[in-house]
Every structure is written in C-alpha cells, then in structure tokens.
Amino acid sequence: MSGIIEQERYTCAIGALQSVVAIPRSVPILHSGPGCGNMIQGFFERSTGYAGGSTSPCTNFSEREVVFGGVDRLRENIKNTYKVLDTDLQVVLTGCTAGIVGDDVDAVVEEFREKGKPIVAVETAGFKCSNLEAHSLVVNAIIDQYVSLFEAENPARSEKATVNLWASIPYQDPFWKGNLREYKRLLAGIGLNVQVLFGPESAGVTEWQRIPRANFNILASPWYGLPIAEHLEEKYGQPFTQFPLIPIGANETERFLRQVIDFAAEQGAGIDVGKAEAFLKSEEGAYYDEIDNLATFLLEFRYGLPNHAHILHDAGYVLGLSKFLLHEVGIVPKEQFVVDGTPQQFHAAIKAELAATSDKKTIPLCFEPDAGKAQDVIRAASNKGRGIILGSGWDKELAKEKDFDFLSISVPSPYRLVLTTNYVGFSGGLRVIEDIYDAVLATYR
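Read in my numbering, the sequence shown has 119 at position 111, and its numbers run on one by one without any break.
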C-alpha cells in the first residue's frame, strides 16, 4: 500500500478554514506554508468569502521558520490582520510545518486574547485528519475559547424553543447555503427558533455567543459533526437528536421533522403540535402537486430516462439520495460509493441505514476514499438500461465513456455554479428531479 489515493473528494485538515470563512465577518489566519491557502482555493473554487482561500492571511512558513520557529512571524501577522481587516473573530489554523516544528501557537493567541481580542487557535496540521473531521475541531475550539467567554450573559438551555443546527459542512457541501436556509425554514415551520451559525442565515458571532441558550442540538449527519453535538452535551447539558442522512424529498423530510417534533416535546420545547402538523401537511401537499404535474412527462419519456444510478459522495448524501431516487423518482441505486473517508466505527450503522431502504432490493455500498478505484468498479459494472452518475467533476469523463447521463453534485466541480440552491427538504427533492431530468433532456437533439 502506497497510501496514495486518486481523485480525492475532500482536503487535509486545514481545509476547515472554510468553516471559519462561513461565519460572517470571521477570518482564518494560516500559520502554514504559502501553498496551503492556494490549495484550498483550488479545491473549493468559488469560496473566498470574506477572507478565504488564497486571500487568507498567512505567515508563509519557510525554511527560516522551520529552523528558528515562526511565533514572531505569527504575532506580527495577527497584529497586521487587525490593522487591515475589520473582523469580529479571528481563528488561527496551523499547517503541517508548524505542527512538526511545534510552535506554541496557543501562547501567542493568548497574548491577544488577554487584550480583549476575539481570537481562537486550532491545530489543523494536514496529517492530523481530513477537513470533514477538522470542521468539528474548529467549531469546538471556537466554543471553548470564544463562546465560553459569554456564558454569564447566555445561561445554558435558557430558551426552550431555541435549537442549534449542525448539518452541511460549509463549502464541502456545495449546497450548504441553500440547505441551511431550508433547514431553518422547515424547523421554524414546526415552531423552533433555529441557530444555523454559518452563512447568510446566521447572525454571525452574536449567534455563536448564544449557543449555550439552546435547549438542544440537531445533528443532520451520519458522522461528521458528531463530536460537536457530544461536546455541547457535556459542556452545557444540551441533549441532541441525530438524523443519519441528508433528508431529501417527502419521505425523509417528514421522518426528519417528526423525529425533531417528538424530541422537542421530550425536551419541553413547548411547540404547538397542531400547528406543526398543519405545516407538514401544507408542505407535503405542495410537493405532491408538483409530482402530479410531472406524471405526464414521466409517462411520455419513460423509455428514455435513467433507470439506475451510481452515486459518489459523502455518506449523508449517498444515503439521502439513494432513498429518494428509489422511492420517489423510480431510479434504482446500483453500486454506491462513500468517498468522504468515513471512520471505520461508523460503517456498520451507515450500511444498516442503507439496507433499510428496501426489503426487495439490495443496494451495493462501498466505502472508498480512492475515487479512482470507485470509478474502476463502475467502469466494470454491467447494468441494463440507461444509467446516470451523480458525483463530482472528476466523474464527467467516466459518464461519457459509459454513455451515461451525468450530474455534478459534489466537490470539486468546475462544471457547475452553485449559489443558493438547496437539495434538502421537499423543495430540495424537487430540485434534484429538475437537475436530473435537465441533464437527461439536454442529450436530446
């Protein structure tokens, strides 16, 4: 084993700088080599935000810092960042070289914190973990080093109908902005006040300061983000409810919302169940109206539409899309690939969740961070009918080779521009249908 993988769909730990960029008016400071920011920008492309990617302040760690240490350079960099950028929060992230040399970054950051500066330090050396895991490291560091400073004004669990949402990882999920907006709308519809914490739907650092006030936490993920929910349960006594996939379409969105409604009742959130049920009924009605409108199209084109699909994505999307495609679109999931580097301890639960999708069809699932190997499996597969691949820009040529349809839904993706589109919820399911059949109809001449 060489340890080299092909066509990776995630980055090293310092890629979690994008989680900082996603907090309004927050800035990541990289204590790393000059290539780290450029690498992240190249992977996530349109993700600069307030000060991300190649625009992130960086100490440009060089051979001199390797020999003599880089704390002086870091101290100067932080000072200058405050002079140049009007920020509400700064987060210092370390790269591989700083991690190897052993610079005392915490001590430097503490100097500024003692002066009243809102600043946090996180170890994100690239060899430490992936950016999906580092997302939790960054969030928990902000909670411990920044949010904890405001605990006196924000008593733990003091707002019974307020919840913290932990779902899409910013930028790693191309649809994160739209998804968080839709989660917030749906949860508000059943009577909850939702703190989404990232993106334009967030109130920025003031919302982060109010994290302790939440009665409980909602985690919409099979594994990433779990350390955040567990940490908040330990720190503030906030219980959490975990939904193990991305809820797409009517079936899973209803299951998600009913799970939250039941949990909210257990926690004394005081939501009006009657109004929540009325909201659910209204959302479902609007969804099925559109499905009814789609029936004539599906009947007319039934022989020219994909009958099976391969998905290459993170575990949450593989689960959510597989269930949605099979039960609500009529496209059978064939070989599916989780390419997010899911830790081994979560494999069994994810497999069980996928197996529960149908008692009539077995959906093959492979945990394979080497997407080149995943492509080889698809290349060798022989499934009858027209297929579609849902993956990243890496998979476009494979779809062409197999004469399959192709939809770009994950990073890296140079072939699609995503701004505020959502795949979550009832409306997200309709958007997935639109995108799939747009891709199909574009092949007709």
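Cβ atoms here follow ideal geometry from the backbone N, Cα and C, with glycine treated the same way.
Bear in mind that the values here come from a model prediction, so they are computed numbers and not experimental data.
Query: Measuring CB to CB, does residue 83 end up less than 8 angstroms from residue 116?; Result: yes
Query: Tell me the DSSP secondary structure of residue 437 in three-state form.; Result: helix
Query: Give the straight-line distance between the Cα atoms of residue 253 and residue 220, rounded to the nearest whole angstrom.; Result: 25 angstroms
Query: Suppose only complete runs of 3+ residues qualify. What are the beta strand (DSSP E) ranges in the region 343-423, listed by chain order?; Result: 373-375, 395-399 and 413-416
Query: Compare the Cα-Cα distances from residue 294 to each of 16, 447 and 434 and report the closest residue.; Result: 434
Query: In whole angstroms, what separates the C-alpha of residue 418 from that of residue 198?; Result: 30 angstroms
Query: Who are residue 172's beta bridge partners in DSSP?; Result: 203 and 225
Query: Kindly indicate which residue of 302, 308 and 334 has the alpha-carbon position closest to the one of residue 442.; Result: 302
Query: State buried or exposed for residue 16, treating a residue as buried only when at least 16 other CB atoms are found within 10 Å of its CB.; Result: buried
Query: Just list the residues that DSSP pairs residue 250 with in beta bridges.; Result: 227
Query: In the structure shown, what three-state DSSP assignment does residue 89 receive?; Result: helix
Query: How far does the beta strand (DSSP E) with residue 100 in it extend, from its first residue to its last?; Result: 97-102
Query: Kindly indicate the opening and closing residues of the beta strand (DSSP E) around residue 321.; Result: 316-321
Query: Span of the beta strand (DSSP E) holding residue 144?; Result: Counting along the chain, residue 144 falls outside any beta strand (DSSP E), though it belongs to the alpha helix (DSSP H) covering 139-153.
Query: Tell whether a beta-carbon distance below 8 angstroms holds between residue 182 and residue 426.; Result: yes
Query: Quick one: give me the first and last residue of the beta strand (DSSP E) that residue 35 is part of.; Result: 34-39
Query: Use the C-beta contact count for residue 10: other C-beta atoms within 10 angstroms, 16 or more gives buried, fewer gives exposed.; Result: Note that residue 10 has pLDDT 49, beneath the 50 cutoff, so the model's placement of it is unreliable and the number below is only indicative. Looking at its Cβ environment, which holds fewer than 16 other Cβ atoms inside 10 Å, residue 10 is exposed.
Query: From the DSSP output, in three-state form, read off residue 118 for me.; Result: helix
Query: If contacts are defined as beta-carbon pairs under 8 angstroms, then residue 69 and residue 78 qualify, I think. What distance do you get, rounded to the angstrom?; Result: 6 angstroms
Query: Would you kindly check if the distance between the Cβ of residue 140 and the Cβ of residue 378 is under 8 angstroms?; Result: no
Query: What is the DSSP secondary structure of residue 9, counted as helix, strand or coil?; Result: The pLDDT assigned to residue 9 is 38, lower than 50, so where the model puts this residue is not dependable; a value taken from the coordinates is nonetheless given after this. The answer is coil: DSSP assigns residue 9 none of H, G, I, E or B.
Query: For residue 88, does the count of other Cβ atoms within 10 angstroms reach 16, so buried, or fall short, so exposed?; Result: exposed
Query: Are residue 372 and residue 410 close, meaning C-beta to C-beta below 8 angstroms?; Result: no
Query: Measuring CB atoms only, is the region 185-194 touching the region 207-222, in the sense that at least three cross pairs come out at less than 8 angstroms?; Result: yes
Query: If the criterion is Cβ atoms closer than 8 angstroms, does the pair residue 226 and residue 174 meet it?; Result: yes
Query: Are at least three pairs of beta-carbons, each pair with one atom in the region 391-399 and one in the region 153-169, less than 8 angstroms apart?; Result: no
Query: Under 8 angstroms by Cβ, that's how I've got residue 130 and residue 160 pegged, so tell me the actual separation to the nearest angstrom.; Result: Not really, about 24 angstroms apart at Cβ, beyond 8 angstroms.
Query: What did DSSP end up calling residue 341 once you bin it into helix, strand or coil?; Result: strand
Query: Would you say residue 93 and residue 126 are within 8 angstroms of each other, going by their C-beta atoms?; Result: no
Query: Go ahead and label residue 336 buried or exposed: buried means 16 or more other beta carbons lie within 10 angstroms of its beta carbon, across all protein chains shown.; Result: buried
Query: Identify whether residue 236 lies in helix, strand or coil by the three-state DSSP scheme.; Result: helix
Query: Report yes if the CB atom of residue 259 is closer than 8 angstroms to the CB atom of residue 167, and no otherwise.; Result: no
Query: What three-state label does DSSP hand residue 22 in the structure shown?; Result: helix
Query: In chain order, what residues of the same chain have a beta carbon less than 6 angstroms from the beta carbon of residue 430, not counting five sequence neighbours either side?; Result: 183, 186, 187, 190 and 436
Query: Quick check: the Cα distance between residue 380 and residue 405, rounded to an integer number of angstroms?; Result: 12 angstroms
Query: Of the choices 391, 389 and 383, whose alpha-carbon is the least far from that of residue 401?; Result: 383
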